[in-house]
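Step one of this worksheet: look at the structure below.
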Amino acid sequence: MHVLSVVCHPRPDSFTHALAGRFQEGVTSAGHTFEHADLYAEGFDPVMTARDLEQFNGAPMVPELLAEQDRVERADALCLIFPIWWFSMPAMMKGWLDRVWSAGWAYDWKHDPNGSLLKPRPCTMLVPVGASPQMEADWGCLERLDHIWRVGVLGYCGVDPINIHFLLDSAFEKGRHGEHLDTAYEAGNRILSVPNG
Ligand SMILES: Cc1cc2nc3c(=O)[nH]c(=O)nc-3n(C[C@H](O)[C@H](O)[C@H](O)COP(=O)(O)O)c2cc1C
C-alpha cells in the first residue's frame, strides 16, 4: 500500500515536521511505501485564482494542480499534518484543499451537491495544538473543528475512515512531545487498519 503525507509548516525543525518524521517511520515499519508532500518546501501556491474556478465549467485544471491530484489518486491513504493557527488550519493547508480538492474531481458540484467522486481512502490528521486540556475544556473549539473537517470537508469528498488527532500542549515542551510522537508513529503504523475515530 502507498501512503501520502501532506505537511504544512514553514520550519523544517518544527514539532510539526518531527511528527511527520515519526509518522513516516510508522508507515515504513508497517511495510507500506511513502510519499511526502512538504507544501512550504515545494513552494505550493495556496491562492485560488479565477483560472482555477474555470474548471467548475469544465475547463481542464492547470498542470500544477493535476500533479497534486495525481499524488492523492496514487495514495491508498492520506495524512495531513499541520499546527492549529487561530483555531483553524494554516492558510497554506487551506489553499491546498481549496485548489486541489476541486469540483469535478473530488465532488460533483453541478449535478449532485452531496456526491463525492473519489474512492474511499483513509485519512489521518495530526494536529498539534498550543492550548492545554483545561483551555480546551473551557473554550470547546476542537469538537467543532473536528465536525467541520470530518463532515464538511473530508467526508464530503468521500474520505473514509477519518481519524483526527488534536495533540494538546504542543506549543512548548510541556512533557507531552514524546507522547505525541508515539501517537504519530502509531497512526502511521496502523493507517490502513483503524476505523473512524
Ligand atoms: C499564527 C499562530 C496562531 C496560533 N493559534 C493558536 C490557536 O488558536 N490555538 C492554539 O491552541 N494554539 C495556537 N498556536 C500555537 C500552535 O498551535 C503551536 O505553536 C503548535 O501547535 C506547535 O507546533 P510547532 O512547534 O510545529 O509550531 C498558534 C501559533 C501560531 C504561530
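Our numbering puts the sequence shown at residues 854 to 1050. The beta-carbon is built from N, C-alpha and C at its ideal position, and this holds for glycine as well. Being a predicted model, the structure only gives us computed values, none of them experimental.
Boundaries of the beta strand (DSSP E) in which residue i is found, first to last residue
i, result
"residue 888", "886–891"
"residue 1018", "1015–1020"
Cα-Cα separation between residue i and residue j, rounded to whole angstroms
i, j, result
"residue 901", "residue 921", "14 Å"
"residue 990", "residue 1034", "23 Å"
"residue 915", "residue 932", "24 Å"
"residue 917", "residue 965", "27 Å"
"residue 945", "residue 1015", "21 Å"
"residue 1037", "residue 1043", "10 Å"
"residue 957", "residue 967", "12 Å"
"residue 1026", "residue 1007", "31 Å"
Buried/exposed call for residue i, threshold 16 Cβ in 10 Å
i, result
"residue 1000", "exposed"
"residue 860", "buried"
"residue 909", "exposed"
"residue 923", "exposed"
"residue 886", "exposed"
"residue 928", "buried"
"residue 940", "exposed"
Cβ pair residue i, residue j closer than 8 Å
i, j, result
"residue 993", "residue 1024", "no"
"residue 879", "residue 1041", "yes"
"residue 1011", "residue 969", "yes"
"residue 1045", "residue 854", "yes"
Proximity test, Cβ basis, 8 Å: residue i and chain C
i, result
"residue 965", "Absent from the structure is chain C; it holds one protein chain and no more."
Hey, which unbroken runs of the alpha helix (DSSP H) at 4 residues or more fall wholly within the stretch 924–999? 944–953 and 986–992
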